[in-house]
Each structure stands twice: as C-alpha cells, then as structure tokens.
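First comes the structure, then the notes that go with it.
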Amino acid sequence: DGIITSAASYSYDAHAQQIRFRNYMTVFNESISMDLLLLFQQGVMYEIDYSRLSCQKKVLESSFHPTRVPDDAVFMGQVILGTMSVPGLGLLTNSWVGEIPEIQGETQYMLTFTEFTCLPVSAMVFTPQTGWITFSFYNHLLGVQNPQDFVPPFFCPTAAPEEHLPKTISFSGFYSDCLGS
Numbered sequence: 183d184g185i186i187t188s189a190a191s192y193s194y195d196a197h198a199q200q201i202r203f204r205n206y207m208t209v210f211n212e213s214i215s216m217d218l219l220l221l222f223q224q225g226v227m228y229e230i231d232y233s234r235l236s237c238q239k240k241v242l243e244s245s246f247h248p249t250r251v252p253d254d255a256v257f258m259g260q261v262i263l264g265t266m267s268v269p270g271l272g273l274l275t276n277s278w279v280g281e282i283p284e285i286q287g288e289t290q291y292m293l294t295f296t297e298f299t300c301l302p303v304s305a306m307v308f309t310p311q312t313g314w315i316t317f318s319f320y321n322h323l324l325g326v327q328n329p330q331d332f333v334p335p336f337f338c339p340t341a342a343p344e345e346h347l348p349k350t351i352s353f354s355g356f357y358s359d360c361l362g363s
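The opening position of the sequence shown corresponds to residue 183 in my numbering, with each subsequent residue numbered one higher.
Following this line, the structure appears as structure tokens:
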C-alpha cells in the first residue's frame, strides 16, 4: 500500500480508433514512464521506451471504447465547478455512475463530463484490488493535433507474424460518446 502519483498526456482519434498514451509516474519515489500506442483497427499495441530506443509490439485483445457516457450509466447529478455568480467562471458538469462488467469483481466507476460539448472532466474507478483510482482531464484540444502521434517510431517493429506476437491484457475502456450526441 503506497502512493502512486501520475501525470499523463494522451492523443485520441475516435474515427481511426487509435490512442497514444504517455504516462509519467512516481511509485515509492521511483520515476517510471510508459508510452503506449493503441491501434484498435489493426489490433496492435506498441509499448515504447525512448530512453532505450526499444519497442514491443503486442496483440491488442480489446475493442475500441469511444469516450462517452455508457448507455447503462446512471445519472447522479449536476454540479458547477467554480461559480456562476460571475459570467465565465463556472463550468456545468454532469456525473454518472455504473459498473464495468468486463472487469471481474466489484468494479465501479463515477464519470464527470461537461454539460456542453461533453468533454471528460474526471473519472474514478474502484476495484477491490486497487481501491479507488482517480483520473482528471485538463487542457483538451479538439481534433488530432499531431498525426505522427499515431505512427510507431522508427525503432518499432512494423511487421511481425500476428501469431508470434505476445498477447496483452484486455484494454477495457470505462467510458464511451455522450448520450444524446
């Protein structure tokens, strides 16, 4: 039982079903970085390590989950972040709760999205093994800012017989498009 802190950036392309996730974390005062390229249409995930110029190509055994409120989520309520007393200083958000059936155990989530444009603000996931894990989302830029984020670096294997690739655990998304959008 320890403290893990993490900061990540991600690029997300719903149309091409691809995600680039760069995570920098501290576990018991040890720094760890993780760079993942998830190409769902190809069924491939790359684990990239720029410090060693190494890369592992793996089979991605999960389907793409678009960023949205799941159809079976239960609406919890609406909250204003900041204040509505002064124009422009408040953000209206909606919170949703539910369970994740793809993950065994009593896995639950709470999601918060903006009321307008339905951008993710935060996500909390509970599993008996980990307890609560909190994700906060900041500095959204709409659209694909850098298409190169979804291209494996030159040192990654681009072709490998699919049957010889190591398998990955399923990448279970826990939220998917806003309801009504």
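Backbone N, C-alpha and C fix where the C-beta goes; we use that ideal spot for every residue, glycine too.
query	result
Enclosing beta strand (DSSP E) for V307 [first to last residue]	P302 to T309
Start and end residues, beta strand (DSSP E) containing V333	No beta strand (DSSP E) holds V333; DSSP gives it neither H nor E.
Candidates F319, Q200 and A189, of which the one nearest T208 by Cα	A189
Whether C237 touches P339 by CB criterion (8 Å)	yes
Given E243 as reference, the closest of D231, P252, F222 and S233 once Cα atoms are compared	F222
Minimum C-alpha distance to N321 - residue among K240, S245 and S304	S304
Chain-order list of residues whose beta-carbon lies under 6 Å from that of Q200 (same chain, five-residue window excluded)	L221 and F332
Bridge partners - L220, DSSP secondary structure assignment	I201 and M227
Environment of M227 [buried if 16+ CB atoms lie within 10 Å]	buried
Proximity of T289 and T309 at Cβ, strictly below 8 Å	yes
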